[in-house]
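Structure, as structure tokens:
Have a look at this one:
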């Protein structure tokens with residue numbers, strides 16, 4: 001892409017996160033899709049999933065994203081996208097439709113393999129909370145590669161394809177203990193053996209995926225690697241390899257900064273993000289860097305210390321401070337511009353996320369979480385249109 | 001309301017129309033909610049309805065409608081809204097939430113009782129296609145009044161309430177044969193005894209509802225009557241009554257004009273709608289008139305004669321002519337402005353509808369039907385913002 005990436009994630013559509021579509025989990029004890037499929041009768045699980053997929057993201061959303069001036073969507077897909085991992089339901093028909101929408105409305109798709117069997121990170125969005133064993137299961141590592149390969153075979157030549165990200169957010173040591181704090185396993189026995197993913201494993205997995213994909217993809221299609229939550233670990237890897245058209249994906253959330261004893265103030269966030277822009281500029285010298293996930297969400301505007309992004313499906317927060325409408329708009333517009341300026345030290349940004357179905361009016365505990373949804377950021381005028 | 005009504009219908013949410021959310025009907029032979037509830041196992045029906053209601057209209061939609069500058073939503077509700085008509089599922093919790101959203105975002109709600117047991121019109125949106133027997137069943141007429149009364153008791157004092165429309169689109173003789181052509185009954189035995197609703201019945205029903213509602217509603221809340229598809233039948237009724245704060249609702253669709261051997265051209269539509277504006281101005285001398293349903297949809301921009309609005313769930317149309325993007329925008333912007341100017345000869349307008357979940361890209365038969373959705377009209381720039 002010749003211009004900067006101005007992108008948005010289609011989170012919560014084909015890969016579920018309970019907090020983004022809580023009604024899908026109504027009446028169950030499930031915190032993730034693994035247990036949702038276990039807890040519901042098969043016909044009801046099927047009905048919920050099919051209605052969700054038909055409604056959560058539609059043609060209208062691609063139309064609107066394009067009309068706002070965005071040029072790319074990152075599309076998280078689960079490892080069972082091809083429908084070969086019962087009881088989970090394949091989603092390839094939805095991906096096919098998404099490519100037709102993207103091409104009709106002139107935006108690109110970054111396919112993002114967001115989950116792996118037994119999970120690469122233990123997040124709810126990895127498919128099963130508190131479990132992180134995939135990397136220790138060679139057959140499942142091979143299965144994951146087969147999904148990457150089949151995605152390339154099916155979509156490699158589509159004009160709407162920007163590229164393929166071979167694995168989302170592998171939890172290396174820097175993130176592992178935080179994952180354990182935020183996402184306790186429902187079945188500790190199933191979590192036994194979970195461990196951080198090593199960089200040596202990750203380097204090898206990425207090399208294998210590159211060797212698999214490069215011959216299948218036209219030269220203009222990108223192969224993307226997530227940084228495993230440590231952008232400092234990649235200089236030798238890229239300098240010692242002879243990769244063509246690869247991009248490094250880094251995810252930067254204000255709530256991650258907050259976990260490092262960060263001051264919960266606008267000025268502090270601005271400084272941190274500006275500094276991170278300088279870091280991106282340096283890394284971008286040896287590999288193009290996209291900030292593939294980021295958000296306006298922070299504890300200052302939420303009015304309560306969220307301990308690194310704990311949300312109301314996990315814990316109720318009382319006594320939040322509500323800023324005035326004007327203060328809120330000023331804070332969000334400032335954070336949007338500061339962050340986009342930082343991300344544009346690399347090749348651009350992809351907001352997390354386009355949509356979430358929470359209700360801040362009838363369930364006031366969600367106050368502040370609505371800024372996760374680009375739809376609402378636009379409608380609330382929390383970004384100045386010239387800053388897209 | 002001191003300003004003109006700039007409204008939009010929340011069609012297809014609590015009252016289903018198959019063509020507006022076809023996926024809800026996947027795998028069934030049902031053409032309406034009556035048979036959807038019969039054709040699906042109870043748990044699957046429940047799952048589909050609850051997911052649909054939680055997703056089709058949300059807080060974000062109220063936020064967006066307000067941010068666009070609209071000041072009212074018309075909210076169709078079914079006769080089983082209070083949950084006392086199994087197997088249909090009550091929807092009062094959704095209406096409660098909608099009032100909280102409307103009040104938070106500063107827009108008004110017109111509650112519209114859109115269906116009746118055994119139907120007042122035989123349309124799919126009356127709940128059961130091809131059946132129109134309600135008016136001949138005194139117990140069901142009393143039931144319908146009880147719903148009107150309970151709505152007034154529950155929402156009468158809400159600041160977000162604009163008013164209550166006591167019955168949507170009763171099919172008088174002017175519409176009855178067209179209904180029979182467009183909506184054949186699935187079970188002819190069940191349709192036996194269907195007949196047009198007489199104006200004498202309607203006058204009496206409206207008087208009864210007025211007498212029921214006026215003592216329950218604060219003086220500033222409107223009581224609204226649909227014109228039964230004949231705006232010329234109301235002069236004596238209003239002049240001979242001593243009603244306080246009532247409004248007459250007329251529904252005007254280009255496709256209805258087309259049925260009267262209308263020329264399928266932009267100029268012809270413009271003339272018809274301008275003439276109708278003069279009619280509204282005249283009627284508005286003795287009762288305030290709102291155009292409570294209208295749309296940009298027409299056979300000229302659809303590129304095929306739709307025979308009065310037959311849609312692709314009823315019949316596939318081949319060989320549609322596609323206008324250029326510029327021609328389409330010109331046609332729609334012209335039709336928007338011409339029609340809004342006409343409706344503003346009365347007290348304002350309410351577009352049909354805010355949203356529909358059709359896919360014009362993957363199912364090209366839907367080309368042209370997307371203009372039914374205000375969301376898409378805005379995103380496609382088919383209305384000029386100053387004309388809202």
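Protein chains in written order, with full-length UniProt numbering: chain S, 1 to 388; chain R, 1 to 388. Backbone N, C-alpha and C fix where the C-beta goes; we use that ideal spot for every residue, glycine too.
Among the residues of the segment 341-361 of chain S, those with a Cβ less than 7 Å away from any Cβ of chain R are 357, 359, 360, 361, in the order of the chain.
Of all residues in the segment 57-70 of chain R, only 58, 59, 60, 63, 64, 67 place a beta-carbon less than 8 Å from a beta-carbon of chain S.
Taking 9 Å as the threshold, the shortest C-beta distance from residue 26(R) to chain S falls below it. Within chain R, the residues placing a beta-carbon under 9 Å from that of residue 101(S) are 359, 361, 362, ordered along the chain.
By the CB criterion at 9 Å, residue 108(R) and residue 161(R) fall inside the cutoff. Secondary-structure assignment with DSSP links residue 109(R) through a beta bridge to 73(R), 161(R). Cβ proximity to chain R below 8 Å picks out nothing from the segment 255-284 of chain S. The beta-bridge partner set that DSSP reports for residue 248(R) consists of 225(R), 289(R). If you look at residue 65(R), you'll find it in the alpha helix (DSSP H) that goes 59-68. Contact of residue 41(S) with chain R by beta-carbon distance below 7 Å involves 43. The DSSP-derived three-state label of residue 354(S) is coil.
With distances taken between CA atoms, residue 18(S) lies nearest to 127(S) out of 127(S), 242(S), 334(S), 256(S). Neighbourhood of residue 379(S) in chain R, by CB distance below 9 Å: 60, 63, 64, 66, 67, 68, in chain order.
According to the DSSP assignment, residue 344(R) belongs to no alpha helix (DSSP H), since it is labelled neither H nor E.
Among the residues of chain R, none has a CB under 9 Å from the CB of residue 329(S); the nearest is roughly 13 Å distant. At least one CB atom of chain R sits nearer than 9 Å to the CB of residue 55(S). Interface residue (Cβ-Cβ distance to chain S less than 9 Å): residue 104(R) is classified as such. Within the same chain, and ignoring the five residues on either side of residue 243(S) in sequence, the residues whose Cβ sits closer than 7 Å to its Cβ are 210. Annotation for residue 338(R): 270, 273, 274 place their beta carbon closer than 7 Å to its own, counting only its chain and skipping 5 residues before and after. In the DSSP assignment, residue 4(R) falls outside any alpha helix (DSSP H) and carries neither an H nor an E. Boundaries of the alpha helix (DSSP H) around residue 53(R): 42-56. Under the DSSP definition of a beta bridge, residue 348(R) partners with 5(R), 290(R). In the three-state reduction of the DSSP assignment, residue 330(S) falls in the helix class.
Per the coordinates, the alpha-carbon of residue 70(S) lies some 18 Å from the alpha-carbon of residue 375(R). By the rule that beta-carbons nearer than 9 Å mark a contact, residue 386(R) does not touch chain S. Taking CB atoms only, residue 21(R) has a neighbour in chain S less than 9 Å away. In the three-state reduction of the DSSP assignment, residue 153(R) falls in the helix class, which pools H, G and I.
What residue 375(R) touches in chain S, judged by beta-carbon distance under 9 Å, is 60, 63, 64, going in chain order.
In this structure, residue 251(R) keeps its C-beta atom at 9 Å or more from the C-beta atom of residue 232(R).
In the DSSP assignment, residue 14(R) falls outside any alpha helix (DSSP H), carrying neither H nor E. At a cut-off of 9 Å between beta carbons, residue 181(R) makes no contact with chain S. With distances taken between CA atoms, residue 319(R) lies nearest to 302(R) out of 313(R), 329(R), 334(R), 302(R). Between the segment 184-202 of chain R and the segment 214-224 of chain R there are fewer than three inter-stretch CB-CB distances shorter than 8 Å, so the stretches are not counted as touching. Assignment of residue 143(R) by DSSP, reduced to helix, strand and coil, places it in the helix class. Here residue 276(R) carries a helix assignment [DSSP, helix/strand/coil]. By the beta-carbon neighbour count (other beta carbons within 10 angstroms, threshold 16), residue 181(R) is exposed.
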